[in-house]
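Be aware that the sequence shown starts at 0, since it is given in numbering that gives the first Met the number 0, and climbs by one per residue.
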Amino acid sequence: MARDSEQILRNIMAQVNALDAKMRVVAQRMKIIERNEQIIGKTLITHNKNIKELEMKLSQLGGVSQPSVPIEVPDVEELKENVQEIQKDLEEVKLSLKTLAKGVQGNTEMIDKIREELNEVKYVIDNINPVAYVTVDQVRELVEEMISRKLKK
Numbered sequence: 000m001a002r003d004s005e006q007i008l009r010n011i012m013a014q015v016n017a018l019d020a021k022m023r024v025v026a027q028r029m030k031i032i033e034r035n036e037q038i039i040g041k042t043l044i045t046h047n048k049n050i051k052e053l054e055m056k057l058s059q060l061g062g063v064s065q066p067s068v069p070i071e072v073p074d075v076e077e078l079k080e081n082v083q084e085i086q087k088d089l090e091e092v093k094l095s096l097k098t099l100a101k102g103v104q105g106n107t108e109m110i111d112k113i114r115e116e117l118n119e120v121k122y123v124i125d126n127i128n129p130v131a132y133v134t135v136d137q138v139r140e141l142v143e144e145m146i147s148r149k150l151k152k
């Protein structure tokens, strides 16, 4: 019985350790996603700033005669499309982050339940007094002793 309970405890501890490792991996991934989200946000801000500058330059060029040397101006529509793609990617990253957060929360709840069960099992094992239980041989001896007493009477 003690071996069975030890095996159960080992299995539970192995599961807790595995879940802990998984949670650490998820936490690392969440940090990477958060870093990527920040980078995408900064890129988005930079692109928006560039678009505004280009629009201002284009509006200034509209009232002035065209210079003899053509100025290379990137396509504003193309930049806007890039910004929209980045915003779409940012939304996907946010959605992934929310999904990971829910998964982490579920794993945390599961680990808490396992810890509770583990504490209960540990309490039961700690409170079992093996001295209070008798062996089969001891029971036989007691039965034989009682029978011999009854026969002597």
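Note that the Cβ used here is the ideal one computed from N, Cα and C, for glycine as well.
N- and C-terminal bounds of the alpha helix (DSSP H) containing residue i
i	result
I110	75 to 126
K151	135 to 151
Beta-carbon separation (whole angstroms), residue i vs residue j, contact threshold 8 angstroms
i	j	result
K79	I113	With 8 angstroms as the limit, K79 and I113 do not qualify as a contact, their Cβ atoms being about 51 angstroms apart.
N106	L18	6 angstroms
V120	S4	7 angstroms
Cutoff 8 angstroms; reference residue i; Cβ partners in own chain excluding five residues on either side
i	result
M22	V103, N106, T107, I110
Cβ shell of residue i (< 6 angstroms), same chain only, five flanking positions each side left out
i	result
L96	I32
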